[in-house]
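Under the working numbering, think of the first position of the sequence shown as 58, with each following residue one higher.
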Amino acid sequence: MAKIYPFRGVRYNRRKIEDLSLVVTPPYDVISEEEQQAYYKRHTNNAIRLDKALVTEKDDKTDNPYTRAAADFQKWRQNGVLIRDETPGFYLTTVTFPIEGKSVTRYGLIGAVQLEPFESGVILPHEETFSKVKSERLELMKACHANFSHIFSVYSDKDGLLQTLKDHIQQISPEAEFTDDSGHFHRMWRITDPKLCRQVTEAMEQRRLFIADGHHRYETALNYREWVRQNDPDFDETHPANFIMMYLCAVEDQGLIILPTHRLLPSVAAETRQHFMQQAAQYFDIEKFDRDGADPGQAVEQLDKSLHKHRNDHIIGLVMKDEPACYALVLKPGVMETLFGDEIAAPLQGLDVTVLTRLILMKLMGFDKQNLDDHSLIGYTSSHDEAVELVENGDYDMAFILNPPTNEQVRKIAEAGLTMPRKTTFYYPKAVTGQVFNQLER
58 MAKIYPFRGV RYNRRKIEDL SLVVTPPYDV ISEEEQQAYY KRHTNNAIRL DKALVTEKDD
118 KTDNPYTRAA ADFQKWRQNG VLIRDETPGF YLTTVTFPIE GKSVTRYGLI GAVQLEPFES
178 GVILPHEETF SKVKSERLEL MKACHANFSH IFSVYSDKDG LLQTLKDHIQ QISPEAEFTD
238 DSGHFHRMWR ITDPKLCRQV TEAMEQRRLF IADGHHRYET ALNYREWVRQ NDPDFDETHP
298 ANFIMMYLCA VEDQGLIILP THRLLPSVAA ETRQHFMQQA AQYFDIEKFD RDGADPGQAV
358 EQLDKSLHKH RNDHIIGLVM KDEPACYALV LKPGVMETLF GDEIAAPLQG LDVTVLTRLI
418 LMKLMGFDKQ NLDDHSLIGY TSSHDEAVEL VENGDYDMAF ILNPPTNEQV RKIAEAGLTM
478 PRKTTFYYPK AVTGQVFNQL ER
């Protein structure tokens with residue numbers, strides 16, 4: 058099964074960078090242009106300059122975001138801003154954050170995982186990906202020969218490996234502690250004990266890994282390995298390009314939180330919205346919550362309660378522009394099986410996002426697969442409040458509010474070799490970039 062090993066991580070030199078909060082960032086794919094500029098200004102050695110360097114009008118084949126990232130990565134290693142650990146190790150991290158009024162902690166183990174094609178069934182995806190993003194990431198890897206951000210994956214901790222690691226770190230001091238922009242508290246320990254490292258490797262050999270976040274980066278790493286194979290005469294099975302840096306989280310971890318990803322539609326005419334509601338009544342029982350009373354927010358609260366009440370059923374919330382009500386669409390029994398039969402596998406039929414994508418967006422609203430990839434036609438947010446606000450402000454005409462899938466659903470779908478629609482899961486919080494990098498050169 059999965060082969061995971063300790064590695065010689067490249068980390069910020071704490072003698073030069075005392076406060077890691079100045080140099081870490083969220084993953085590249087959730088950073089806006091404004092945030093990108095802010096990270097640039099925050100510190101001259103911020104990880105943004107490596108993982109998502111600025112684009113300029115003068116960019117060409119010899120001077121572009123990828124070449125500049127490569128130059129910075131080399132310079133920072135030469136001047137001691139970044140240092141490579143002398144011996145291999147695993148990196149155990151924690152992030153403590155509030156959720157639903159309580160504080161929870163998630164544990165993540167960072168190691169070097171041997172790349173496997175998805176067909177092997179060892180490392181499994183659960184979402185489809187965008188090809189444009191993969192090509193952009195490949196250019197960065199070719200220029201820098203490094204992993205700057207890790208793949209977030211999930212495994213089943215049947216033998217209590219996480220507890221063993223927790224016990225171990227009680228005996229050693231953390232290598233790093235910092236609080237990020239969201240107020241989340243991070244800690245990291247380096248695990249170098251040879252016996253424990255072997256125990257981690259042996260335990261993971263019995264496991265499959267499920268990619269939670271970072272499908273683009275994983276597929277890019279497979280393409281990068283093939284590129285190295287073709288261009289490096291010294292390539293063999295021990296070459297660093299055979300491995301990818303992963304952040305591994307136990308599915309049993311109470312801190313492993315999935316948030317929903319709500320859908321937002323712009324430019325939907327009032328007549329189209331009205332026609333949709335008429336069609337939807339064939340397939341859904343529709344609950345209506347009036348918003349024109351003394352407290353319009355009460356209707357949204359009622360919708361929230363309905364979503365929670367029916368969280369084990371198929372239910373989708375709906376808020377529309379200039380509409381004095383919001384709605385809960387509860388799927389009638391047998392609809393998906395009747396409409397799609399063997400076309401959609403049973404585990405996928407069990408997802409609210411499949412109902413939204415295939416029945417609502419494609420069948421009732423006429424979207425095709427190309428439309429689903431067009432961000433000018435469909436927007437996303439993991440915040441229920443933001444989704445409602447964006448419709449109320451007129452930025453969007455319709456918001457479809459979802460419950461999140463469960464970790465168990467993700468596991469079953471991945472094990473079945475199936476993939477969810479894009480933007481199905483949002484693991485919260487994202488694993489930060491900048492705690493440790495992985496150099497892919499010997």
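Using N, Cα and C, we set each Cβ at its ideal position, and we do this for glycine too.
Check	Outcome
Secondary structure of Ala169, DSSP reduced to three states	strand
Three-way DSSP call (helix, strand, coil) for Lys159 in this model	strand
CA-to-CA distance, Lys389 to Val112, given in whole angstroms	49 Å
Cβ neighbour criterion (16 or more within 10 Å) applied to Arg368	exposed
Given 8 Å, three or more beta-carbon pairs between the region 283 to 292 and the region 396 to 415	no
Gly354, DSSP secondary structure in three states	helix
Sequence-distant residues of its chain with Cβ nearer than 6 Å to Thr162 (five each side left out)	Thr151, Thr153, Gly312
7 Å Cβ shell around Phe333 - same chain, five flanking residues per side excluded	Leu421, Met422
At least three beta-carbon pairs within less than 8 Å, the region 416 to 436 to the region 324 to 343	yes
Lys115 burial status per 10 Å Cβ neighbour count (16 or more: buried)	exposed
Residue(s) in a DSSP beta bridge with Asp342	Val387
Outcome for Ala351 when other beta-carbon atoms lying within 10 angstroms are tallied against a minimum of 16	Note on Ala351: pLDDT 49, under 50, position unreliable in the model; the coordinate value appears next. Result: exposed.
Contact the region 174 to 186 vs the region 90 to 102: 3+ CB pairs below 8 Å	no
Nonlocal neighbours in the same chain, by C-beta distance under 7 Å from Ala356, ignoring five residues either side	Phe346, Asp347, Arg348, Ala382, Cys383
Through-space distance from Val80 to Arg99, alpha-carbon basis	8 Å
Enclosing beta strand (DSSP E) for Phe130 [first to last residue]	Premise fails: Phe130 lies in the alpha helix (DSSP H), 122 to 135, not in any beta strand (DSSP E).
Paired residues, beta bridge with Asp270 - DSSP	Phe209
Selection from Asn136, Pro145, Ile314 that minimises the alpha carbon distance to Ile157	Reading off the sequence, residue 157 comes out as Glu, not Ile. Answer by Cα proximity: Ile314.
Buried versus exposed, by CB contacts within 10 Å (16 or more), Ala326	exposed
Reference Gln496, options Ile458, Ala473, Ala200, Ser230, closest by Cα	Ala200
Assigned exposure category for Lys223 - 16 Cβ within 10 Å defines buried	exposed
Residue from Pro317, Arg71, Asn102, Val467 with nearest C-alpha to Thr82	Asn102
Rounded straight-line distance, which links the Cα of Leu197 to that of Ala128	12 Å
Arg71 in three-state terms, based on DSSP	coil
Run of the alpha helix (DSSP H) containing His400, from where it starts to where it stops	Reading off the sequence shown, one finds Glu at residue 400, where the question assumed His. Unbroken run through Glu400: none, as it is neither H nor E.
Exposed unless 16 or more other CB atoms sit within 10 angstroms - verdict on Pro155	exposed
Euclidean distance between Cα positions of Gly354 and Ala444	14 Å
CA-to-CA distance, Trp133 to Arg415, given in whole angstroms	48 Å
Ordered list of alpha helix (DSSP H) runs contained in the region 395 to 478, each at least 4 residues	403 to 406, 426 to 429, 441 to 449, 464 to 472
Euclidean distance between Cα positions of His273 and Arg194	8 Å
Top-ranked residue by Cα proximity to Ile458, from Leu266, Arg264, Cys254, Lys362	Lys362
CA-to-CA distance, Arg244 to Pro231, given in whole angstroms	6 Å
Beta-carbon proximity check, Ile373 vs Phe341, cutoff 9 Å	yes
Which residues DSSP lists as bridging His319, in chain order	Thr438
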